[in-house]
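For what it's worth, the working numbering labels the leading residue of the sequence shown as 13, then goes sequentially.
Have a look at the structure below before the remarks.
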Amino acid sequence: MPFISLLTDFGLQDPYVGILKGVIWGIAPQAQLIDLSHGIPPQDVAAARFALMTAYPHLPSGTIHLAVVDPGVGSHRRAVAIQTQEGYLVGPDNGLFSGVLEQSPPLAAVELNRPRYWRTLSPSRTFHGRDIFAPVAAHLANGIPLLELGDPFDVAELTPWNWPQPQEEPNGWRGLIQAIDHFGNGITNLPGHWVEGRSWSAWIKGIPVRSAATFAEGRQGELLALVGSSGWVEIVQNRGNASRSLDFKVGDEVRLQWNG
Numbered sequence: 013m014p015f016i017s018l019l020t021d022f023g024l025q026d027p028y029v030g031i032l033k034g035v036i037w038g039i040a041p042q043a044q045l046i047d048l049s050h051g052i053p054p055q056d057v058a059a060a061r062f063a064l065m066t067a068y069p070h071l072p073s074g075t076i077h078l079a080v081v082d083p084g085v086g087s088h089r090r091a092v093a094i095q096t097q098e099g100y101l102v103g104p105d106n107g108l109f110s111g112v113l114e115q116s117p118p119l120a121a122v123e124l125n126r127p128r129y130w131r132t133l134s135p136s137r138t139f140h141g142r143d144i145f146a147p148v149a150a151h152l153a154n155g156i157p158l159l160e161l162g163d164p165f166d167v168a169e170l171t172p173w174n175w176p177q178p179q180e181e182p183n184g185w186r187g188l189i190q191a192i193d194h195f196g197n198g199i200t201n202l203p204g205h206w207v208e209g210r211s212w213s214a215w216i217k218g219i220p221v222r223s224a225a226t227f228a229e230g231r232q233g234e235l236l237a238l239v240g241s242s243g244w245v246e247i248v249q250n251r252g253n254a255s256r257s258l259d260f261k262v263g264d265e266v267r268l269q270w271n272g
């Protein structure tokens with residue numbers, strides 16, 4: 013049976029998530045839904061990009077990933093469905109899918125411009141998740157071919173993510189915080205394999221942070237730099253909140269420095 017993953021900034025106080033599920037099950041009652049997160053900060057495409065990129069390798073092959081973090085809803089931004097080797101991506105073309113597509117290049121993409129696959133011929137200007145994206149994901153779950161859902165376009169035209177790439181320096185690397193998780197850990201865009209077998213430390217906001225293999229290597233409240241479960245270098249605090257303690261935010265610079 014098909015899996016559809018759901019990633020939104022809708023929260024759980026309002027009925028929006030339940031509405032998405034109702035629309036999907038009304039079209040594809042056999043679909044199994046996976047709630048990745050509905051706690052993405054409102055309109056935070058960067059957080060949604062990171063969450064989907066991190067979760068994507070762990071979901072079943074063939075999963076349809078419905079992601080709706082869409083500050084441009086109702087504007088001229090393109091509504092898309094994308095096929096990869098491992099499944100499908102459905103949502104706004106605003107860079108949200110770029111992290112996944114770096115891991116799994118797109119095979120085909122269509123613009124969702126065929127109203128017969130929408131919930132209504134007159135979709136809301138503020139809720140494309142309900143009226144366009146959820147119905148399309150359900151139709152994919154029912155076996156409707158991608159190319160039936162809209163007009164194809166060159167995958168090279170998909171919106172990229174324009175953050176700067178890490179820069180090598182004489183004694184290390186310079187990167188940035190790409191996400192902050194629920195625990196306040198600052199997840200950088202510096203791959204963990206770069207520090208394997210080396211003695212290193214990190215610097216953030218002018219403060220040195222020693223490297224460790226685990227949280228438990230630090231004293232309570234101590235700041236540490238380690239390789240987290242998603243494979244990136246992270247700035248963390250043992251039994252604390254590093255983001256709050258250091259007052260860093262997404263986009264702040266982080267440096268890796270080789271010791272010795």
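Backbone N, C-alpha and C fix where the C-beta goes; we use that ideal spot for every residue, glycine too.
Under 8 Å between C-beta atoms of Trp270 and Ser211: The sequence position of residue 270 within the sequence shown is 258, counting from 1. The sequence position of residue 211 within the sequence shown is 199, counting from 1. Yes, they are a contact pair.
Give me whichever residues DSSP pairs with Phe310 in a beta bridge. A query on residue 310 cannot be resolved here, the shown segment of the chain reaching from 13 to 272 and no further.
Is it buried or exposed, Met65, if we count other Cβ atoms within 10 angstroms and call 16 or more buried? Taking the first residue of the sequence shown as position 1, residue 65 is located at position 53. Here Met65 is buried, its C-beta having at least 16 other C-beta atoms within 10 Å.
What would DSSP say about Ile144, mapped onto helix, strand or coil? As a position in the sequence shown, residue 144 is number 132, starting the count at 1. Look at Ile144 here: in three-state DSSP terms it is helix.
List the endpoints of the continuous alpha helix (DSSP H) containing Val35. For this step, residue 35 is matched to residue 23 along the sequence shown. Tyr28 to Ile39 is the span of the alpha helix (DSSP H), which, as asked, contains Val35.
Residue span of the beta strand (DSSP E) that contains Gln190, given as start and end: As a working mapping, residue 190 is identified with position 178 in the sequence shown. Segment Gly184 to Ile192, the beta strand (DSSP E) holding Gln190.
Quick one: Cα of Pro72 to Cα of Asn154, how far? By one-based count along the sequence shown, residue 72 stands at place 60. By one-based count along the sequence shown, residue 154 stands at place 142. One C-alpha to the other measures close to 17 Å.
Leu152 - DSSP class collapsed to helix/strand/coil: In the sequence shown, residue 152 corresponds to position 140, counting from 1. Correct three-state label for Leu152: helix.
Leaving out five residues before and five after Arg89 in sequence, what residues of the same chain have Cβ atoms less than 7 Å from its Cβ? As a working note, residue 89 is residue 77 in the sequence shown. Excluding its 5 nearest sequence neighbours in each direction, Arg89 has C-beta neighbours in its own chain below 7 Å: Pro104, Asp105 and Asn106, listed in chain order.
Exposed or buried, which one is Leu149 when buried takes at least 16 other CB atoms within 10 Å? In the sequence shown, the residue the question calls residue 149 occupies position 137. Correcting the residue type first, residue 149 is Ala in the shown sequence and not Leu. Buried is the call here.
So Ile144 packs on Leu124, CB below 8 Å; how close in whole Å? To locate residue 144, count along the sequence shown from 1; it is residue 132. To locate residue 124, count along the sequence shown from 1; it is residue 112. Yes, Ile144 and Leu124 are in contact; Cβ-Cβ is about 6 Å, under 8 Å.
Label Leu78 either buried or exposed according to how many other C-beta atoms from any shown protein chain fall within 10 Å of its C-beta, with 16 as the threshold for buried. As a working mapping, residue 78 is identified with position 66 in the sequence shown. It is buried - the Cβ of Leu78 has at least 16 other Cβ atoms within 10 Å.
Could you name the residues of the same chain whose beta carbon sits closer than 8 Å to that of Val221, not counting the 5 residues immediately before and after it, in chain order? As a first step, residue 221 must be located in the sequence shown, where it is residue number 209. Closer than 8 Å at Cβ, skipping near neighbours: Ser213, Ala214, Trp215, Leu235, Leu236, Ala237 and Ile247.
Within a Cβ cutoff of 7 Å, which residues of the same chain sit near Leu24, ignoring the five residues on either side of it in sequence? Walking along the sequence shown from the start, residue 24 turns up at place 12. If we look at Leu24 and ignore the five residues flanking it on each side, its Cβ neighbours are His50.
On the DSSP bridge assignment, give the partners of Asp163 in chain order. Sequence index remark: in the sequence shown, residue 163 carries index 151 (1-based). Note: Asp163 sits in a beta bridge opposite Glu123.
Using the Cα positions of Pro41 and Gln177, report the straight-line distance between them to the nearest angstrom. Here residue 41 refers to the residue found at position 29 of the sequence shown. Here residue 177 refers to the residue found at position 165 of the sequence shown. CA-to-CA, the gap between Pro41 and Gln177 works out to about 43 Å.
Please check the pair Ile52 and Thr75, which I expect to be a contact at CB under 8 Å, by giving their CB distance rounded to whole angstroms. Along the sequence shown, read from residue 1 onward, the residue named residue 52 stands at position 40. Along the sequence shown, read from residue 1 onward, the residue named residue 75 stands at position 63. Separation of the CB atoms of Ile52 and Thr75 is rounded to 18 Å, and the pair is thereby denied contact status at 8 Å.
Arg61 by DSSP, collapsed to three states: which one? As a working note, residue 61 is residue 49 in the sequence shown. Helix.
Please report the distance separating the alpha-carbon of Gly111 from that of Val35. Counted from its first residue, the sequence shown places residue 111 at position 99. Counted from its first residue, the sequence shown places residue 35 at position 23. If I take the Cα positions, the gap works out to 27 Å.
On the DSSP letters alone, give me the boundaries of the alpha helix (DSSP H) that Val112 sits inside. Translated into the one-based positions of the sequence shown, residue 112 becomes position 100. It spans Ser110 to Gln115 - the alpha helix (DSSP H) in which Val112 sits, taken as one unbroken run.
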